[in-house]
Amino acid sequence: MRFAFFKVGELQGSLRHVNALFEYLKGKGVEFREIELDPQNVQKAVQELQEFRPIFTMDVNATGIIVGEQEGKKVPIYDLFGFVHFSLFTEEPLLHFPNLYGLDQNRNMIGIVTDIKYVDSLRTLGIDNITYVTPFLDFSVFPEPPPEKDIDIAFLGPVMDPQIVLSKVQENLPENIMPVFVETGEYMFRNPEVHVLTALNYILSLFNPQVQQDFENWRKENPEAYMRLLNDISIYATMRKRWYLLNFLEGINLKVVGEVQGELKEDHEQIKVNSYEELLEIYGRSYLTVMSFPHTVPTGIGFTPLEVAAMGSAPMIDFRGTLTGFLTPDQEVITYMPLDRADIEEKILYYLDNLEEAKGIGERARNAVVERYRVDDRADFLLNMMRDIVRQAEQAVQQAQGGEKQEEIKDQG
């Protein structure tokens, strides 16, 4: 079984875990080839594809989709050549809409999502064949956590003053569309598990008919700008939520990890990160890592909390209804209600006074992800899917051949 991966540059950050998937498949006898896709020389990748003749291909977040033309229409190469293409979405598909937008068909593509709500996004982009896998980790990328920790609480960024987001959006968005943007973002801030498409449709229904019509006209005339609007709303709601947390946690020495745009409180300190390795090191040095889920991860666990846990830091994340299916609250993860100041402050102060207890949660979290978030069962799921597709194709060919023989017998008769 021949399987090719379209690679666009080196896999960075959490995408590195995908390499473990390929190693596992190779160990199961899959004939694997990595095809470097250079946007400046796509023909080279097409030629290598024709030489290798894979049955299946794959990319990450739709970055490896090659588009051809048939009868004046844009058609992806997997439909032109007739192989099956998997796209593994480790992030919100709407963030990568330019890779999928405007294609006339996607018969042979299967989207593999790591968050169940990504299904809504993919269907909006014209992808209907979709399946789900939980995130997985390549444990070879993690160093051994240090024996001693020197950071009490890390707060994971990036963080940005939401007013900066608003200012940037206002530069490009028509004035009559801005109220829809703001109200949808605020609604998502108050409802952290809602998907942006659901939120927008709900908020739009509350405006008067003229605003609704104006928005619909703008959307039809500016389809790509509409896609960017969806992403900007999610970014605004995420930064609104994170800035809210930072603003009332003054007086606590938080180490804010990553990019910061805006004025931090006096007691907060930014830790700049220059590499993925440095980020993992900070996790390992921290008793507790506070995270606020981005709205681009509507329901699933996401890769980041698992990486935090893998480095032995107690993950502290906003509670969502699906969380208990991934990690056990108070045992393997600390949860907080995202808008409940008293709940957040109480828990942070408690664990500051009980750092060894936080360390114990980090150790149990590490054991949990090592046991439950390995690549094995996800790769087996993909392998079985490929085998089923091959089997169905072979049966279809046999049935077609049987039908032809029946026609021959009738003709002879």
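Mapping to the numbering used here: the sequence shown position 93 is 86, numbers consecutive. Using N, Cα and C, we set each Cβ at its ideal position, and we do this for glycine too. Computed from a predicted structure; not experimentally measured.
By Cβ distance, which residues of its chain are closer than 7 Å to residue i, with the 5 residues on each side in sequence left out?
i      : result
LEU42  : ALA(-3) and ILE28
GLN205 : LEU197
THR289 : GLU84, GLU85, LEU88 and SER227
ILE170 : PHE208 and TRP211
Locate the alpha helix (DSSP H) running through residue i, then write down its first and last residues.
i      : result
ASP131 : Taken as a continuous stretch (DSSP letters only), ASP131 belongs to no alpha helix (DSSP H), as it is neither H nor E.
GLN263 : Run containing GLN263: none in the alpha helix (DSSP H); it sits in the beta strand (DSSP E), 262 to 264.
GLY434 : With the chain running from -6 to 406 in the structure shown, residue 434 is simply not present.
LEU115 : 111 to 117
LEU247 : Careful: LEU247 lies outside any alpha helix (DSSP H) and carries neither H nor E.
Taking the beta strand (DSSP E) that residue i falls in, what are its first and last residues?
i      : result
THR124 : 123 to 125
ARG161 : Correcting the residue type first, residue 161 is Lys in the shown sequence and not Arg. It is not in any beta strand (DSSP E) - LYS161 instead sits in the alpha helix (DSSP H) that spans 155 to 163.
TYR94  : Taken as a continuous stretch (DSSP letters only), TYR94 belongs to no beta strand (DSSP E), as it is neither H nor E.
GLY104 : 102 to 106
LYS142 : It is not in any beta strand (DSSP E) - LYS142 carries neither H nor E in the DSSP assignment.
Taking the beta carbon of residue i as the centre, do at least 16 other beta carbons fall within 10 Å, making it buried, or is it exposed?
i      : result
ALA335 : exposed
ASN99  : buried
ILE402 : Interpretation of ILE402 is limited by its pLDDT of 47, a score under 50 that renders its predicted location unreliable; the figure taken from the coordinates is listed afterwards. Result: exposed.
LEU130 : buried
THR297 : buried
GLN391 : exposed
PHE241 : exposed
SER279 : buried
THR124 : exposed
LYS19  : exposed
GLU325 : buried
ALA302 : buried
Once the 5 residues before and after residue i are set aside, which same chain residues still bring their CB inside 6 Å of it?
i      : result
ASN246 : ASP260
GLN254 : MET153 and ILE157
MET220 : PHE90
ARG450 : Because residue 450 is not part of the residues shown, which for the chain are -6 to 406, the question remains open.
GLY251 : GLY150, PRO151 and VAL266
Going by the CB atoms, is the gap between residue j and residue i shorter than 8 Å?
i      : j       : result
PRO155 : TRP211  : no
HIS78  : THR50   : yes
ILE70  : VAL60   : yes
LEU239 : LYS265  : no
LEU115 : VAL53   : no
PRO138 : GLY6    : no
LEU273 : PRO140  : no
ASN408 : ASP72   : Outside the displayed range of the chain (-6 to 406) lies residue 408, so it cannot be described from this structure.
GLU24  : ARG(-5) : yes
ARG183 : LEU332  : yes
ILE337 : ILE144  : no
VAL11  : LEU30   : no
LEU159 : TYR229  : yes
ALA147 : VAL283  : yes
SER80  : ILE105  : yes
Using C-beta distances below 8 Å, list every residue in its chain close to residue i, excluding the 5 sequence neighbours before and after it, in chain order.
i      : result
ASP113 : HIS188, LEU190 and THR191
ILE327 : LEU281, ALA307, PRO308, MET309, ILE310, LYS340, TYR344, ALA351 and ILE354
THR127 : THR107, GLY293, ILE294, PHE319, TYR366 and ARG371
THR117 : LEU87 and LEU190
Closer than 7 Å: is that where the CB of residue i sits relative to any heavy atom of the ligand NAP?
i      : result
SER268 : Here there are no bound small molecules, and the ligand NAP is not part of this structure.
Ignoring anything shorter than 3 residues or poking outside the stretch 26 to 87, list the beta strand (DSSP E) runs there in chain order. As far as the stretch 26 to 87 is concerned, its whole beta strand (DSSP E) runs of at least 3 residues are 49 to 53, 60 to 63, 66 to 69 and 77 to 82.
Please go through the stretch 170 to 244 and give each complete alpha helix (DSSP H) segment of 4 or more residues, from N-terminal end onward. 171 to 183, 189 to 199, 202 to 214 and 216 to 241
Just to confirm the assignment: which complete alpha helix (DSSP H) runs, minimum length 4, are found wholly within the stretch 259 to 299? 269 to 278
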